[in-house]
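Undergrad: If you read the sequence shown in the numbering used here, its first letter stands for residue 16, the second for the next number, and so on. We put the CB at the ideal spot given by N, CA and C, even for glycine. Note that the coordinates shown come from a computational prediction; the quantities given were computed from them, not determined experimentally. My questions all concern the structure below.
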Amino acid sequence: MQVATSGASERGYVAPSAAPLAAAPAETAETSAVAPAEEKSAEPGVKVSLSAVGLARSKEAENKNSDIDESNLPDEIKQLLKMIRELKAQLAQKMAELQALMAQGDMEDDAQQAKVRALQTEVGSLNGALSSANAQLVKVMRDQKLTSEQSASVGALLAK
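In structure tokens form, the structure reads like this:
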């Protein structure tokens, strides 16, 4: 691209006559951008194989909330149930980490004590979030005026 220069070159002045010259390089850039894409599609891909355990875990992750999705509950309640289920899983994981850390018995180490305190803080935060989500669920259930069948469904899904 040719740029006309004058005393205003410091301000980035481009002469109007320079604009048509910019169109020609853009056309060649498009054709060059297409060529590498065609070359890349000819390259062999990567093949990934999962073990039976990996496949089972993958299906489990997919189906983790399928019971909630298939229920006849309003979408807002479904989302809250999924959130509660996720918070319960995170809480169980942190509790297990905390118990394992405390079972090591080396509580005189400052680093160990700091890890325990950090995990206790995380557990407390997760408990607070779980309480808030449960309270929100109760509020939404009241506002939505669920049938007794839907309320029973919520209870059953919470128990899982």
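1. Identify whether Thr-136 lies in helix, strand or coil by the three-state DSSP scheme.
2. Distance, Cα to Cα, Leu-134 vs Gly-170?
3. Beta carbon of Leu-141, beta carbon of Gln-105: below 7 Å?
4. With DSSP run on the structure shown, which of helix, strand or coil describes Ser-86?
5. Going by the CB atoms, is the gap between Ser-168 and Ser-86 shorter than 7 Å?
6. Quick check: what's the CA-CA separation for Lys-103 versus Leu-65?
7. Hey, quick one: how far does the alpha helix (DSSP H) through Ser-168 stretch, first residue to last?
8. If we ignore side chains and look at the alpha-carbon of each, how far apart do Ser-146 and Ile-92 end up?
9. Is the distance from the Cβ of Asp-121 to the Cβ of Gln-128 below 7 Å?
TA: So, from the listed chains and residues:
1. helix
2. 29 Å
3. yes
4. coil
5. yes
6. 28 Å
7. 163-174
8. 15 Å
9. no
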